[in-house]
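Report on one structure; see the data block that follows.
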Amino acid sequence: QMHLKQKKNEVTQLLCAVEKKDLDLDEIETKLSHAEMELASSNNKVKELQDELEGTAEVIEYLGTIQDELEEANNEVRRIRLQPKHKDKEVTQLLDTVEKKDSEIEEIRAKLCLAEMEL
Numbered sequence: 004q005m006h007l008k009q010k011k012n013e014v015t016q017l018l019c020a021v022e023k024k025d026l027d028l029d030e031i032e033t034k035l036s037h038a039e040m041e042l043a044s045s046n047n048k049v050k051e052l053q054d055e056l057e058g059t060a061e062v063i064e065y066l067g068t069i070q071d072e073l074e075e076a077n078n079e080v081r082r083i084r085l086q087p088k089h090k091d092k093e094v095t096q097l098l099d100t101v102e103k104k105d106s107e108i109e110e111i112r113a114k115l116c117l118a119e120m121e122l
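Each residue of the sequence shown is one higher than the one before, starting from 4 at the first, in this note's numbering.
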């Protein structure tokens, strides 16, 4: 009977050990579950950052295009600003020519007047 009690105690101890191991396993599974959730959350954050980075790259590319267009527009503005200077020179030359022609006309008129007086 003593032997049976001892075996019963041993079985009870083994059952307690199995139960403790079962509790330990439950705790490990809970920690694993939390870790998996944290990993999923981290993966979501990584995905968000990748999307943000892609968006940033697109914005940078768009800004580069805008910068190219602005440079092109600035070149056009410079070209247009230079045109009046060339036109100013042309206008000045034409005005000089007109003045000379006016002087010539005045001289001819004066000569005509003198000729009329002589007649």
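The C-beta atom is built at its ideal place from N, Cα and C for all residues, glycine as well.
DSSP three-state call for residue i: helix, strand or coil?
i	result
residue 4	coil
residue 122	coil
Could you pull out every unbroken beta strand (DSSP E) segment of at least 3 residues lying fully inside the region 5–76, listed in chain order?
The region 5–76 contains no whole beta strand (DSSP E) run of 3 or more residues.
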